[in-house]
Amino acid sequence: MISAGDFKNGITVEYEGGLYQIIEFLHVQPGRGSAFVRSKLRNIVTGSIIEKTFRPSEKMPKAHIERRDMQYLYNDGNIYHFMDTETYEQLGVNASEVGDALVYVKENDMVKILSHNGNVFGIEPPISVELEITATEPGFAGNTASGATKPATLETGATVNVPLFVTIGDIVKIDTRTGEYGGRVQN
0 MISAGDFKNG ITVEYEGGLY QIIEFLHVQP GRGSAFVRSK LRNIVTGSII EKTFRPSEKM
60 PKAHIERRDM QYLYNDGNIY HFMDTETYEQ LGVNASEVGD ALVYVKENDM VKILSHNGNV
120 FGIEPPISVE LEITATEPGF AGNTASGATK PATLETGATV NVPLFVTIGD IVKIDTRTGE
180 YGGRVQN
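Quick note: the sequence shown uses numbering that gives the first Met the number 0, first residue 0, plus one each step.
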């Protein structure tokens, strides 16, 4: 159990039947009346943010989130299959729990499976991935305005904006958190 007076950013708690991560908190001591803790909590399953005020003595259970490194094997429609590379245990996860987390992940890449009490609720892809450009328009000579970009399709099927000099077959770094181009990889 953790009391509201002991809140820290990043702590995950169980509150009103949901799992919430503390985004920010503020201990307030008004001139009159009792102290309180004003906080912003993000539901780690749905992503919604709520603002709540607690008495510093209020207690709630601290949630233990398990993060397991697993290899993404394949997708057969509504089920995504993963394997623990140490035990070779395989796990099937519904597409609803995966969401858009695997848009930049190709088969055999490592990801983190997030679970609470054995229930999978999310997937964390690697922060940066290297993917091949499979389709893009050629850059035109003279079109050299600074920061000019064009759309390109990656080997996973995702589309990102890349600089004009990037061509089909180039391997590029992509930030999976933002979906932004991070540079070409030297062969």
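Note that beta-carbon positions come from the ideal geometry of N, C-alpha and C, so glycine has one too.
The DSSP-derived three-state label of S95 is helix. A residue is called buried once 16 or more other Cβ atoms fall within 10 Å of its Cβ, and P124 is buried on that count. Just so you know, the alpha carbons of D5 and I64 end up roughly 19 Å apart. Here the alpha carbons of G16 and G30 stand approximately 34 Å from one another.
With a cut-off of 8 Å on Cβ pairs, the region 98-116 is in contact with the region 59-74, counting three or more such pairs.
Membership of S47 in any beta strand (DSSP E) is not indicated, and neither H nor E is assigned to it by DSSP. Assigned with DSSP and collapsed to three states, G168 falls in coil, not helix or strand. Under the DSSP assignment, L130 falls in the beta strand (DSSP E) whose first and last residues are 127-135. From the listed residues G121, V128, M0, L101, the smallest Cα separation to S56 is found for M0. For L72, the enclosing beta strand (DSSP E) begins and ends at 65-74.
Residue environment for T158: exposed (fewer than 16 other C-beta atoms within 10 angstroms of its C-beta).
Under the 10 Å beta carbon count, Y79 is surrounded by 16 or more other beta carbons and is classified as buried. With 16 or more other CB atoms across the displayed protein chains lying within 10 angstroms of its CB, L101 is buried. DSSP places A151 within a strand segment (E or B) once states are collapsed to three.
Under the 8 Å Cβ criterion, the region 80-89 does not count as touching the region 36-43, having fewer than three qualifying pairs. Measuring C-alpha to C-alpha distances from E96 to each of I122, T148, A151, D108 identifies I122 as the nearest. The Cβ atoms of I126 and T177 do not sit closer than 8 Å to each other. Taken in chain order, the unbroken stretches of beta strand (DSSP E) that lie wholly in the region 7-37 and span 3 residues or more are 11-14, 17-27.
Where N118 is concerned, the enclosing beta strand (DSSP E) starts and stops at 118-123.
Sixteen is the threshold: when 16 or more other Cβ atoms of the shown chains lie within 10 Å of the Cβ of V92, as they do, the residue is buried.
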